[in-house]
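Just so you know, the numbering used here puts 88 at position 8 of the sequence shown, and the rest follows in order with no gaps. Step one of this worksheet: look at the structure below.
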Amino acid sequence: MSSSEVAYFSLKPADLEEVREQNHSSDKALSSLLDNSNQLLATILIGNNVVNVAIVIIANYAIEHTFVFSSPIAGFLIQTILLTTILLLFGEILPKVYARKNPLQYSRFSAGAMSVIHSLLNPFSKLLVRSTGIVTRTISKKKYDISVDELSKAVALTTTEGEPEEKEMINEIIKFYNKTASEIMLPRIDIVDVDLSWSFRKMLDFVVQSGYSRLPVSDGSEDNIKGVIYIKDLIAHMDKGDEFDWHPLIRKAYFVPENKRIDDLLEEFRANKVHVSIVVDEFGGTCGLITMEDILEEIVGEIADEYDEDELPYKVLEDGSYLFEGKTSLSDVRSHLNLPEDIFGALGEEVDTLSGLFLEIKQELPHIGDMADYAPFRFQVTQMDKRRIIEIKIFPFERNWEAQ
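Spelled out as structure tokens, the structure:
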């Protein structure tokens with residue numbers, strides 16, 4: 081019986097295909113057994129246990145009536161060693177070795193007898209399968225929650241010898257499922273859009289100069305987005321004048337809430353065949369824009385195209401400080417400067433960008449030259465546009481890490 085378990089469940093795809101062709105007299109019975117593998121396994125396990133118990137009882141009876149032992153303990157030990165050796169060698173090891181070497185041949189040989197045994201033990205095997213199913217479902221209901229930090233630490237332990245780029249990508253994939261649209265979107269203040277009232281030539285010139293393939297179309301304000309214009313839809317009308325009505329070319333805009341998880345958004349992009357969406361806040365106002373490229377970059381890193389300049393997103397100054405754009409995300413700062421995940425402490429969990437971190441520290445509107453100390457850094461605002469922080473200089477207090 082034990083050899084049958086190995087034989088039936090060691091059949092290769094080519095063997096199964098040969099059985100389905102039914103070129104052998106036993107293939108029909110064998111195919112019927114394999115159609116319900118769970119019940120077949122239950123039958124084999126029950127039969128194997130019945131055979132083993134029967135062998136133990138018969139052998140024990142025979143030994144007790146054939147040999148006389150001076151000590152009951154000695155008799156028990158000899159019986160145990162002898163029966164264990166016989167069962168392991170002739171009941172488990174040798175049959176399984178043979179069945180593993182010749183699975184199809186043995187399966188065909190035993191198919192007839194196994195079909196009879198399967199029919200006899202059918203009620204018991206069904207009961208065992210159902211009982212196992214109940215236990216499995218009960219166990220599967222238990223949820224095993226693991227935090228992102230725990231998963232990241234597990235990755236660090238298992239990828240110590242891997243490439244740094246591969247390790248970084250795995251970590252980004254882990255964090256990917258916890259990120260929302262608001263964390264990676266282009267903020268409203270940076271959105272480049274065309275106005276519905278513009279003439280065709282003005283709109284066309286603006287789109288071409290912008291360098292973008294898709295631009296939102298607003299009606300007086302970014303809070304009133306009417307749709308999205310695709311540059312590929314304008315190609316056929318490049319020779320048209322101001323009198324051309326370009327409004328029918330506007331495609332429907334895809335709106336998403338700011339707390340939309342980006343893994344769900346990526347799936348929606350694929351399902352709806354769109355590449356850009358407008359992010360709205362709880363009041364329905366436009367708070368940003370997000371593209372498929374933005375989402376993919378969260379996994380693979382920056383995707384450069386023919387318009388992107390090949391340069392670092394920060395500058396290393398002579399005094400050892402670093403100059404970043406205020407809108408740079410904290411995750412990018414950590415990545416570019418090779419910083420630990422918890423370098424910005426609790427505030428790093430509450431804000432997304434470098435300018436947001438500065439505002440959270442100061443708790444007031446900044447001015448050019450303002451400084452703030454936090455963690456092992458000093459931050460200084462070096463450029464502003466009205467109330468918006470454009471650039472921030474970072475002075476490291478501790479140099480136990482190194483910029484890449």
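Note that beta-carbon positions come from the ideal geometry of N, C-alpha and C, so glycine has one too. None of these values were measured; they are calculated from a predicted model.
Item: Give the straight-line distance between the Cα atoms of Leu207 and Glu85, rounded to the nearest whole angstrom.; Value: 19 Å
Item: Buried or exposed for Arg188, going by 16 or more other Cβ atoms inside 10 Å?; Value: buried
Item: Between the stretch 331 to 339 and the stretch 353 to 367, are three or more C-beta pairs nearer than 8 Å?; Value: yes
Item: Return the chain-ordered list of same chain residues with a C-beta closer than 6 Å to the C-beta of Glu485, the five sequence neighbours on each side being excluded.; Value: In the structure displayed, the chain extends from 81 to 484; residue 485 sits before or after that span and is not available.
Item: Roughly how far, in whole angstroms, is the beta-carbon of Pro296 from the beta-carbon of Leu369, given that I think they are within contact range, below 8 Å?; Value: 7 Å
Item: What does the alpha-carbon distance come out to for the pair His145 and Glu172?; Value: 27 Å
Item: Is it the case that the Cβ atoms of Asp343 and Tyr454 are separated by a distance below 8 Å?; Value: no
Item: Which first and last residues belong to the alpha helix (DSSP H) in which Phe438 is found?; Value: 434 to 442
Item: Among the candidates Arg414, Asp285, Val99, whose CA atom is the shortest distance from the CA of Asp115?; Value: Val99
Item: Using three-state DSSP, classify Ile423 as helix, strand or coil.; Value: coil
Item: Could you tell me which of Pro203, Ser195, His447 sits nearest to Asp107, measuring between CA atoms?; Value: Ser195
Item: For Tyr292 and Val272, which I take to be in contact (beta-carbon distance under 8 Å), what is that distance rounded to the nearest angstrom?; Value: 6 Å
Item: Among the residues of its own chain, which have a CB less than 8 Å from the CB of Met464, if the five just before and after it don't count?; Value: Pro446, His447, Ile448, Ile470
Item: For Phe363 and Ile253, what's the separation of their Cα atoms in angstroms?; Value: 31 Å
Item: Have a look at the DSSP bridge pairing and note the partners of Val431.; Value: For Val431, which the question treats as bridged, DSSP gives no partner whatsoever.
Item: Got a sec, what are the start and stop residues for the alpha helix (DSSP H) Pro183 sits in?; Value: 183 to 200
Item: Over the uninterrupted alpha helix (DSSP H) stretch that includes Pro328, give me the two end residues.; Value: Segment: none, Pro328 is in no alpha helix (DSSP H) and carries neither H nor E.
Item: Once the 5 residues before and after His198 are set aside, which same chain residues still bring their CB inside 6 Å of it?; Value: Thr123
Item: Taking Thr212 as the reference, which of Ile309, Leu110, Leu121 has the closest Cα?; Value: Leu121
Item: On the DSSP letters alone, give me the boundaries of the alpha helix (DSSP H) that Met318 sits inside.; Value: First-last for Met318: undefined, no H or E at that position.
Item: Can you give the Cα-Cα distance for Ile441 and Leu284, rounded to whole angstroms?; Value: 44 Å
Item: Please state whether DSSP places Tyr454 in a helix, a strand or coil.; Value: strand
Item: Please determine, among Thr371, Asp270, Ser111, the residue with the shortest C-alpha to C-alpha distance to Leu96.; Value: Ser111
Item: What does the Cβ neighbour count give for Asp374, buried or exposed, with the cut at 16 atoms within 10 Å?; Value: buried
Item: State the Cα-Cα distance for the pair Leu419 and Val396, rounded to the nearest angstrom.; Value: 16 Å
Item: State buried or exposed for Ala154, treating a residue as buried only when at least 16 other CB atoms are found within 10 Å of its CB.; Value: exposed
Item: Thinking Asp322 and Ser279 are a contact (beta carbons under 8 Å), I'd like their distance in whole angstroms, please.; Value: 4 Å
Item: Ignore the nearest five residues each way along the sequence and tell me which others in Thr408's own chain have a CB closer than 6 Å to its CB.; Value: Leu434
Item: Measuring only the C-alpha atoms, how far is Ile305 from Lys320?; Value: 25 Å
Item: Which one or two residues does DSSP pair with Lys395 in a beta bridge?; Value: Leu403
Item: Helix, strand or coil for Gly365 per DSSP?; Value: coil
Item: Do you know offhand how far Ile311's Cα is from Thr260's?; Value: 28 Å
Item: How far does the beta strand (DSSP E) with Tyr310 in it reach, from first residue to last?; Value: 305 to 310
Item: Taking the alpha helix (DSSP H) that Ser357 falls in, what are its first and last residues?; Value: It is not in any alpha helix (DSSP H) - Ser357 instead sits in the beta strand (DSSP E) that spans 356 to 360.
Item: Quick check on Lys340: buried or exposed, where buried means 16 or more other Cβ atoms within 10 Å of its Cβ?; Value: buried
Item: Spell out whether any CB of chain C is found under 8 Å from the CB atom of Leu397.; Value: In summary, chain C is missing from the structure at hand, where a single protein chain is found.
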